[in-house]
Amino acid sequence: MKKGMKKLVAVFMIMALTVAAFSACGGETDEEGTTVKIGIIQLMEHPSLNTIRESIVEGLAEDGYTDGENITIDYQNGQNDMSVMKSIVQKFVANECDVIIAIATPAAQAALSETEEIPIIFAAVTDPVDAGLVDSLEAPGANVTGTSDEVSAEMIMDLAKQITPEFKTIGALYSSGEDNSASVIAGLKEYAAENDLEVVESAVTNTSEVKQAAQYLADKVDVVYSPIDNTVASAMASATDVFNSAGVPFYVSADSMVQDGGLATYGIDYTVLGKETAHMVTEVIEGGNPAAMPVKKMSDMSIYVNTDTAKALNIEIPADILESATVFTSAE
């Protein structure tokens, strides 16, 4: 091969490698043109969050958008680290993703901090207004909208009254670094004030502090409540060991937290939430404007009960609750 030809080939190879490097987020071209590039950032690996992500992919397929065909999905785990998540989103932006899906509040906040242009559809953000993601639920106002997993503390405490009616003090176990938890705990305090109950708080900053925080509460309260808190959810084994040993009922806010040993909750179906999120992504792909797409709150609620935990606490779950509940055992 002549020297000039070798240089030309080298130039083309470099160009090809450059294109490949910038095709993350999965973008590739076919005979019909460029596929839609979707970046998914998830706060961390956790059963509830994984269910949401898997249901989003299923929902998109149901809407006619299949990964590897007319869309390409780049999934990234944020490792519960804001600096990692910001770096992930920066790569999504550099790679010109068409849509970013952010699972959990910190992931959505990281996404918004890096782009005000690429549509961001969040999933499982408890209070998107308080988290600074949208102007209002009805009119988000910018490039962000999505689905909320808000379940009020009042609903769960009313369930607690049916199962363990004599409590007077409520322990609040939550992460001080999660905006979604702070807003729900504020609601818990309002509920307590209206019902002549006392709230004792024990906040953590990471999973390693959960056991000590649980021990602090165990001999001070009648029941304990945790919101949909990713930090606590990741350390359920530590918390439930403490509370079960102390004979303290632990009410939580997500089905996976009940499956991991919490006594009971009144919560949403994350499969449904994931598919609703997918439908919103589809709407954006087909030309929808996030600024004008109201945040969707889930209306389908279910009771979840862990019968192994109830047995360990010597608590008899009322028959009418069991009849309508999804029952877990800790071994599941």
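Sequential numbering from 22 applies to the sequence shown in the working numbering.
Cβ coordinates follow ideal geometry from the N, Cα and C atoms, glycine included.
From a predicted model like this one, the values you see are computed outputs, not experimental measurements.
{"Check": "Anticipated Cβ contact below 8 Å, Y325 with T292, distance rounded", "Outcome": "So it is not a contact: roughly 13 Å between Cβ atoms."}
{"Check": "Counterpart residues of G192 in DSSP-defined beta bridges", "Outcome": "V221 and V245"}
{"Check": "Supposed contact pair A131 and F382 - C-beta distance, whole angstroms, cut 8 Å", "Outcome": "With the chain running from 22 to 353 in the structure shown, residue 382 is simply not present."}
{"Check": "Cutoff 6 Å; reference V172; Cβ partners in own chain excluding five residues on either side", "Outcome": "S274 and G288"}
{"Check": "Beta-ladder partner(s) of F143, from DSSP", "Outcome": "A123 and G167"}
{"Check": "Range of the contiguous beta strand (DSSP E) that encloses T347", "Outcome": "A346 to F349"}
{"Check": "Three-way DSSP call (helix, strand, coil) for T87 in this model", "Outcome": "coil"}
{"Check": "Rounded separation between A239 and F188 - CA only", "Outcome": "13 Å"}
{"Check": "Check whether P315 and N164 have beta carbons under 8 Å apart", "Outcome": "no"}
{"Check": "C-beta contact flag for A145 and T168 at 8 Å", "Outcome": "yes"}
{"Check": "Alpha-carbon to alpha-carbon, A260 and M178", "Outcome": "19 Å"}
{"Check": "Cβ-Cβ separation, I184 to Y195 (assumed contact under 8 Å), whole Å", "Outcome": "Their Cβ separation, rounded to whole angstroms, is 21 Å, which puts Y195 and I184 out of contact at 8 Å."}
{"Check": "Buried versus exposed, by CB contacts within 10 Å (16 or more), N98", "Outcome": "buried"}
{"Check": "Length of the line joining the Cα atoms of A125 and E230", "Outcome": "21 Å"}
{"Check": "Through-space distance from E66 to T350, alpha-carbon basis", "Outcome": "22 Å"}
{"Check": "Between the CA atoms of M319 and A181 - distance to the nearest angstrom", "Outcome": "21 Å"}
{"Check": "Where M314 falls: helix, strand or coil (DSSP)", "Outcome": "coil"}
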